[in-house]
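The block underneath contains the structure these notes are about, expressed in structure tokens.
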Amino acid sequence: MRAFSRSLPSLRRLFATLALGLAAANASAELVVVVSSRSQVAAINADQVAAIFLGHASRFPDGTQAVAVDQQLGAPQRDSFYRELTGKTPALLKAHWSKMVFTGRGQPPREASGDAGVRRLVAGNPAMIGYIERDALDASVRAVLVLP
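In this text, residue positions in the sequence shown follow the working numbering: the first is 316, and each later residue adds one.
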């Protein structure tokens, strides 16, 4: 028991360091909403993006089809994206999609694995829209909205 009580301050310091490191990593990961570099969409506002990702809209502002691509469930980018854009937690988002599916008004967006997976899908189809970390941008996709 004495050994445990002596190691408790060390454990506290370790957990505090880990928490600060995770907070710094999350804070530095700026997200951008992307479309294919072949898409005609040049810009889109946050409300329009939210409508597409929540299943309330299926078209870009110019009238062309919009297909949302999500990061995988549990990905920090996904949680951050929905929190910043819609104010929804993962639990609220799950409830939203349960209601949409149950009432027949929509299906949740297709999922891709990580920034590279989202970028690959979006780059290959001008109708798709997704979100990735700014550091993952390349010439195959174009940022149309930067999230704060």
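Glycine included, every Cβ here is placed at the ideal spot set by N, Cα and C.
Can you give me the start and stop residues for the alpha helix (DSSP H) that A410 sits inside?
-> 405 to 417
Less than 9 Å separating the beta-carbons of R420 and G370?
-> yes
Candidates N440, A383, Q392, R353, of which the one nearest D450 by Cα | Q392
Residues near E426 by beta carbon distance below 8 Å, same chain, minus five either side | V384, D385, Q386, Q387, L388
Reduced DSSP category for R435 - H, G, I as helix; E, B as strand; rest coil | helix
Decide yes or no for the touch test of the stretch 397 to 409 against the stretch 435 to 445: beta carbon pairs closer than 8 Å, at least 3 of them.
-> no
Name the two residues that bound the continuous alpha helix (DSSP H) containing S395.
-> 391 to 401
Kindly indicate which three-state DSSP category R353 falls into: helix, strand or coil?
-> coil
N440 (DSSP reduced to helix, strand or coil) = coil
Apart from the five residues on each side of it in sequence, which residues of its chain come closer than 7 Å, Cβ to Cβ, to R353?
-> P441
Grab me the residues of E345's own chain with a C-beta within less than 6 Å of its C-beta, minus the 5 sequence neighbours each way, in chain order.
-> R449
What are the start and end residues of the beta strand (DSSP E) that includes Q387?
-> Note, Q387: premise wrong, no beta strand (DSSP E); not H, not E.
Looking only at its own chain, which residues have a Cβ that is under 6 Å from the Cβ of V465, when we skip the five neighbours before and after it?
-> The requested residue 465 does not occur in the structure, where the chain is confined to residues 316 to 463.
Note the first and the last residue of the continuous alpha helix (DSSP H) segment covering A366.
-> 361 to 368
The beta strand (DSSP E) with E426 in it runs from where to where?
-> 425 to 427
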